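Input: a single structure, listed below in structure tokens.
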Amino acid sequence: MKRIALALVLIALGGGAAFVYWSTSPPELPPPPTETELQALLEKRDALQQRLSAVVVANGEKSLASAPRGGVMIGIPTSFTRSILDQIVTGLFNELTLTLKNLKVHKEGEVKVKAVFGKKTVGKYVLDVQIHQVRGLLKPGTPDVVFSRDRVSVSLPVRLAEGQGDADIRLKWDSKGLAANMICGDVEVTKSVTGGVIPQDYRLAGAFKISSAGAAITLSPDFPEELQVRIYVDPSEQAWAAVQEVIKDRRAACEATLNKVDIKGILGNIVDRGFNVKIPQKLIKPIRLPAGIKQSLEVQGIKLDLQLKPTGLLVSGDRIWYGADIAFGAPGSLASPTPVTKPAAKR
Amino acid sequence: MNRALLAGVFSLAFLLGCHAREAPEVAMARVAAESRRTQIANLEKLIAQAEKGEIVTTDQIVIGVSEELLGSLLRASLPPEMVIANRVRLRIESAEPLFRGGQAGLLFKARVSSTDVPDASATLSLAGSLEDFKFEGGKLSARVKLKHFNVLESSIGDLAANVLDGLVRANLEVIQSAIPEIEVPVQFEQAIKVGGLTEGAVVAKPGALPLAISVSQVIPANKRLWVLLHAKAGPWQPAGAENGPKEKPAAAKSPVAKPSAEAAR
Numbered sequence: 000m001k002r003i004a005l006a007l008v009l010i011a012l013g014g015g016a017a018f019v020y021w022s023t024s025p026p027e028l029p030p031p032p033t034e035t036e037l038q039a040l041l042e043k044r045d046a047l048q049q050r051l052s053a054v055v056v057a058n059g060e061k062s063l064a065s066a067p068r069g070g071v072m073i074g075i076p077t078s079f080t081r082s083i084l085d086q087i088v089t090g091l092f093n094e095l096t097l098t099l100k101n102l103k104v105h106k107e108g109e110v111k112v113k114a115v116f117g118k119k120t121v122g123k124y125v126l127d128v129q130i131h132q133v134r135g136l137l138k139p140g141t142p143d144v145v146f147s148r149d150r151v152s153v154s155l156p157v158r159l160a161e162g163q164g165d166a167d168i169r170l171k172w173d174s175k176g177l178a179a180n181m182i183c184g185d186v187e188v189t190k191s192v193t194g195g196v197i198p199q200d201y202r203l204a205g206a207f208k209i210s211s212a213g214a215a216i217t218l219s220p221d222f223p224e225e226l227q228v229r230i231y232v233d234p235s236e237q238a239w240a241a242v243q244e245v246i247k248d249r250r251a252a253c254e255a256t257l258n259k260v261d262i263k264g265i266l267g268n269i270v271d272r273g274f275n276v277k278i279p280q281k282l283i284k285p286i287r288l289p290a291g292i293k294q295s296l297e298v299q300g301i302k303l304d305l306q307l308k309p310t311g312l313l314v315s316g317d318r319i320w321y322g323a324d325i326a327f328g329a330p331g332s333l334a335s336p337t338p339v340t341k342p343a344a345k346r
Numbered sequence: 000m001n002r003a004l005l006a007g008v009f010s011l012a013f014l015l016g017c018h019a020r021e022a023p024e025v026a027m028a029r030v031a032a033e034s035r036r037t038q039i040a041n042l043e044k045l046i047a048q049a050e051k052g053e054i055v056t057t058d059q060i061v062i063g064v065s066e067e068l069l070g071s072l073l074r075a076s077l078p079p080e081m082v083i084a085n086r087v088r089l090r091i092e093s094a095e096p097l098f099r100g101g102q103a104g105l106l107f108k109a110r111v112s113s114t115d116v117p118d119a120s121a122t123l124s125l126a127g128s129l130e131d132f133k134f135e136g137g138k139l140s141a142r143v144k145l146k147h148f149n150v151l152e153s154s155i156g157d158l159a160a161n162v163l164d165g166l167v168r169a170n171l172e173v174i175q176s177a178i179p180e181i182e183v184p185v186q187f188e189q190a191i192k193v194g195g196l197t198e199g200a201v202v203a204k205p206g207a208l209p210l211a212i213s214v215s216q217v218i219p220a221n222k223r224l225w226v227l228l229h230a231k232a233g234p235w236q237p238a239g240a241e242n243g244p245k246e247k248p249a250a251a252k253s254p255v256a257k258p259s260a261e262a263a264r
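Sequence lines, in order, name chains A and B.
For the first sequence, numbering that gives the first Met the number 0 gives the first residue as 0, with consecutive numbering after it.
For the second sequence, numbering that gives the first Met the number 0 gives the first residue as 0, with consecutive numbering after it.
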């Protein structure tokens, strides 16, 4: 009886297990792919990859095929590089100020008049012009940026847009002889004058050499000539009026004598020559493009040095490409210095 | 009676857990075929998008990383060993990226052994992909997502292999999170700082050009991982200027090309 019961229990268990198995087992798999099917899929995939590359090139990635290969390839659009250059160069020149201080002009001489026996000195004058400050403000225009094989040339219009200055004009007149002393006496007068700056246009021309010093692409400035700006002061109406006052405040006979000093002419000469200011070449510094390759990585808390071996640099119309292979140094070891790479021919 | 009971229990165990396992090469062939079909579908979609002009790359920074380099980085980043559920030790012995057909696939081979019985071991293949590319703090990184695995060889028999199968399945996320983020060894500045100049009559203010860089698309193709980055420069900020709202690099987006797994050769 017991045996029969046990047999029944086993049969029931077996039946239950079979039910569970059939109800939970995954659906029957299709036959596995054959080698031929796998190869056909591979070929189709590779053909599509080629087609995708062709479409991407047709969509504007003209230099992709000639870009230097390497473990890492970096392609920076020339439009982005242009935007960086535009903004840095114009940013530096925007509101660049040229300030000249404490310029002194000294002029002295004698005034002679016709006398019965030749000419007679009636007085000596000393004219001192002290320019306390002349300040000019530069405003850049939109630069022309042109990429070529290994450089990018920049031509930046710069305008000396505005400015002002202030000065003191001091006239000292020392009459010589009794008559002159009676007419004019000694005069010493100082007048403060102001003026503006005559706007002028200039053009800064140069280039940036493109190179890669291992980790990143660097644009090194090559501006052979420093920009020379000449500041021409434009005396205000008040300035000319003040000059006139120096003389006009005298008696008529004295005015006629002092007019011979030609203060206006002397000042005009000073103003017409202008003041030369050189903008040092070092104002424009090397620019490192913002995408580069790391020279070390931290992996699981350990610094891993990366040894870079540049494979090439290509400057093309659409991108600046940089390629490098990377080898792993021993943790903490020094990476060997990486050579500078010059661009390949433009494609 | 005891014999009969034992026979019944074994029969039950066989029916419940020991259904026949496919040969590893057959399983791998299925995975390879499935992966290639997915790649073909990805590529057809990408080509259609590109032909419609929906994939614009020319104004974006391109980073191309080879499978070899990413493989080396991946292997350097892997933890030496991990213990799963206090029962098995898992050591990843090889890691191979496969960047084809729009898939950033990763294939790992791992050795698994019992913590109690060191002689009991098995070989696992794990497949996944690189995902969640992000650009943060000047770093470009991605995470490994595991999606499939397969017990290839085992010294422990089908029954134990099935138990291992279940254990790995239940702990796939644990294994995945033990693999650290993979950092692509490229660096991006978040601003270009330019010094000013005070010399003689000339005073030029220093300033900085802020840069906003974010991941736009990831296209794995032709054995290379192409990461496209949106990049915007400016506006120029002279030093000492009122600090307006500073532009920060935009938050990284998930890649458009969602790489998935597996053997693609």
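The C-beta atom is built at its ideal place from N, Cα and C for all residues, glycine as well.
As the structure is a prediction and not an experimental result, all values here were calculated from the model.
Element boundaries [alpha helix (DSSP H), containing residue i]
{"i": "Ala172 (chain A)", "result": "Residue 172 (chain A) is actually Trp in this sequence, not Ala. Run containing Trp172 (chain A): none in the alpha helix (DSSP H); it sits in the beta strand (DSSP E), 150-174."}
{"i": "Val110 (chain A)", "result": "Premise fails: Val110 (chain A) lies in the beta strand (DSSP E), 95-114, not in any alpha helix (DSSP H)."}
{"i": "Ala75 (chain B)", "result": "66-76"}
{"i": "Phe79 (chain A)", "result": "77-92"}
{"i": "Asn268 (chain A)", "result": "262-272"}
{"i": "Ser52 (chain A)", "result": "34-57"}
{"i": "Ala238 (chain A)", "result": "236-247"}
{"i": "Gln175 (chain B)", "result": "171-177"}
Nearest-angstrom beta carbon gap, residue j and residue i [assumed within contact, 8 Å]
{"i": "Ile46 (chain B)", "j": "Arg50 (chain A)", "result": "6 Å"}
{"i": "Asn41 (chain B)", "j": "Gly101 (chain B)", "result": "3 Å"}
{"i": "Leu307 (chain A)", "j": "Ile286 (chain A)", "result": "The pair is not a contact, with the Cβ atoms about 20 Å apart (cut-off 8 Å)."}
{"i": "Ser287 (chain B)", "j": "Ala126 (chain B)", "result": "Within the shown structure, residues of chain B are numbered from 0 to 264, placing residue 287 (chain B) beyond reach of any answer."}
{"i": "Ile278 (chain A)", "j": "Leu226 (chain A)", "result": "4 Å"}
{"i": "Gln48 (chain B)", "j": "Ile54 (chain B)", "result": "5 Å"}
{"i": "Val121 (chain A)", "j": "Lys111 (chain A)", "result": "7 Å"}
Nearest candidate by alpha-carbon position, reference residue i, set the options
{"i": "Gly348 (chain A)", "options": "A:Lys100, A:Pro32, A:Leu303", "result": "Only positions 0 to 346 of chain A appear in the structure, and residue 348 (chain A) is not among them; the question remains open."}
{"i": "Cys183 (chain A)", "options": "A:Asp221, A:Thr256, A:Pro156, A:Val112", "result": "A:Thr256"}
{"i": "Val116 (chain B)", "options": "B:Gly137, B:Arg86, B:Ala109, B:Ala126", "result": "B:Arg86"}
{"i": "Thr189 (chain A)", "options": "A:Val242, A:Thr35, A:Leu159", "result": "A:Val242"}
{"i": "Leu89 (chain B)", "options": "B:Arg99, B:Glu24, B:Leu77", "result": "B:Leu77"}
{"i": "Gly195 (chain B)", "options": "A:Gln86, A:Gly90, A:Arg2, A:Thr80", "result": "A:Gly90"}
{"i": "Glu43 (chain B)", "options": "A:Ala39, A:Glu36, A:Val54, A:Ser82", "result": "A:Val54"}
{"i": "Phe274 (chain A)", "options": "A:Val56, A:Gly164, A:Glu60, A:Thr120", "result": "A:Gly164"}
{"i": "Thr33 (chain A)", "options": "B:Gln38, B:Thr37, B:Ile39, B:Glu24", "result": "B:Glu24"}
{"i": "Lys118 (chain A)", "options": "A:Gln237, A:Lys175, A:Tyr231, A:Asp261", "result": "A:Lys175"}
{"i": "Leu68 (chain B)", "options": "B:Lys133, B:Phe132, B:Pro96", "result": "B:Pro96"}
{"i": "Ile75 (chain A)", "options": "A:Ala326, A:Phe327, A:Gly316", "result": "A:Gly316"}
{"i": "Pro67 (chain A)", "options": "B:Gly70, B:Val61, B:Ser71", "result": "B:Val61"}
{"i": "Leu123 (chain B)", "options": "B:Asp131, B:Ser112, B:Phe132", "result": "B:Ser112"}
{"i": "Gly311 (chain A)", "options": "A:Asp324, A:Ala178, A:Gly122", "result": "A:Asp324"}
{"i": "Gly267 (chain A)", "options": "A:Leu37, A:Lys106, A:Ile73, A:Ser65", "result": "A:Lys106"}
Cross-strand partners of residue i (DSSP beta bridge)
{"i": "His229 (chain B)", "result": "B:Ser213"}
{"i": "Pro219 (chain B)", "result": "B:Leu224"}
{"i": "Met81 (chain B)", "result": "B:Leu89"}
{"i": "Met72 (chain A)", "result": "A:Gly322, B:Gly63"}
{"i": "Thr56 (chain B)", "result": "DSSP, once it has assigned bridges, lists no residue as partnering Thr56 (chain B)."}
{"i": "Ile292 (chain A)", "result": "B:Val185"}
{"i": "Tyr124 (chain A)", "result": "A:Gly108, A:Trp172"}
{"i": "Tyr231 (chain A)", "result": "Note: Tyr231 (chain A) sits in no beta bridge, so no partner."}
{"i": "Ala206 (chain A)", "result": "A:Ser152, A:Asp221"}
Any non-hydrogen atom of the ligand ZN closer than 6 Å to residue i Cβ
{"i": "Ile39 (chain B)", "result": "This structure does not include the ligand ZN; it has no bound ligands of any sort."}
N-terminal and C-terminal residue of the beta strand (DSSP E) that residue i is part of
{"i": "Glu95 (chain B)", "result": "87-99"}
{"i": "Asp304 (chain A)", "result": "301-314"}
{"i": "Lys108 (chain B)", "result": "102-113"}
{"i": "Glu198 (chain B)", "result": "196-198"}
{"i": "Glu152 (chain B)", "result": "138-153"}
{"i": "Ile216 (chain A)", "result": "215-221"}
{"i": "Ala40 (chain B)", "result": "Ala40 (chain B) -> not in any beta strand (DSSP E); alpha helix (DSSP H) instead, spanning 23-50."}
{"i": "Ala190 (chain B)", "result": "190-193"}
Contacts that residue i makes with chain D (C-beta to C-beta distance below 7 Å)
{"i": "Pro179 (chain B)", "result": "Within the model displayed, chain D is absent; protein chains A and B are what it includes."}
> Any residues in the stretch 57-83 of chain B with a beta carbon nearer than 8 Å to a beta carbon of chain A? Which ones, in chain order?
Replying inline: Of all residues in the stretch 57-83 of chain B, Thr57, Asp58, Gln59, Ile60, Val61, Ile62, Gly63, Val64, Ser65, Glu67, Leu68, Ser71, Leu72, Ala75, Ser76, Pro78 have a Cβ within less than 8 Å of some Cβ in chain A.
> In the stretch 90-113 of chain A, which residues sit with their C-beta less than 9 Å from some C-beta in chain B, listed in chain order?
Replying inline: Correct list: Gly90, Leu91, Phe92, Asn93, Glu94, Leu95, Thr96, Leu97, Thr98, Leu99, Lys100.
>> Using a Cβ-Cβ cutoff of 7 Å, what residues of the stretch 63-86 of chain A are near chain B? List them in chain order.
In response: Within the stretch 63-86 of chain A, Gly70, Val71, Met72, Ile73, Gly74, Ile75, Pro76, Ser78, Phe79, Ser82, Ile83, Gln86 place their CB atoms closer than 7 Å to a CB of chain B, listed in sequence order.
> Listed from N- to C-terminal order along the chain, which residues in the stretch 208-224 of chain B have their beta-carbon within a distance smaller than 7 Å of any beta-carbon of chain A?
Replying inline: Result list: Leu208, Leu210, Ala220, Asn221.
>> What are the residues in the stretch 144-176 of chain A lying within 9 Å of chain B by C-beta distance?
In response: Cβ contacts with chain B come from no residue of the stretch 144-176 of chain A.
> Residues in the stretch 89-117 of chain B with C-beta within 8 Å of chain A's C-beta atoms, listed in sequence order?
Replying inline: Listed by position, the residues of the stretch 89-117 of chain B near chain A (Cβ gap below 8 Å) are Arg99, Gly100.
> What are the residues of the stretch 312-326 of chain A that lie near chain B, defined by any Cβ-Cβ distance shorter than 7 Å?
Replying inline: For the stretch 312-326 of chain A, which is checked against every Cβ of chain B, the residues closer than 7 Å are Asp317, Ile325.
>> Using a Cβ-Cβ cutoff of 7 Å, what residues of the stretch 179-205 of chain A are near chain B? List them in chain order.
In response: Listed in sequence order: no entries.
> Taking a cut of 8 Å between CB atoms, which residues from the stretch 28-61 of chain B lie near chain A?
Replying inline: Within the stretch 28-61 of chain B, the qualifying residues are Ala28, Arg29, Ala31, Ala32, Arg35, Arg36, Gln38, Ile39, Leu42, Glu43, Leu45, Ile46, Ala49, Glu50, Gly52, Ile54, Val55, Thr56, Thr57, Asp58, Gln59, Ile60, Val61.
>> To be precise: take each residue of the stretch 23-47 of chain A, compare its Cβ to all Cβ atoms of chain B, and keep it if any distance is under 7 Å. Which residues remain?
In response: Correct list: Ser24, Pro31, Pro32, Glu36, Leu37, Leu40, Leu41, Lys43, Arg44, Leu47.
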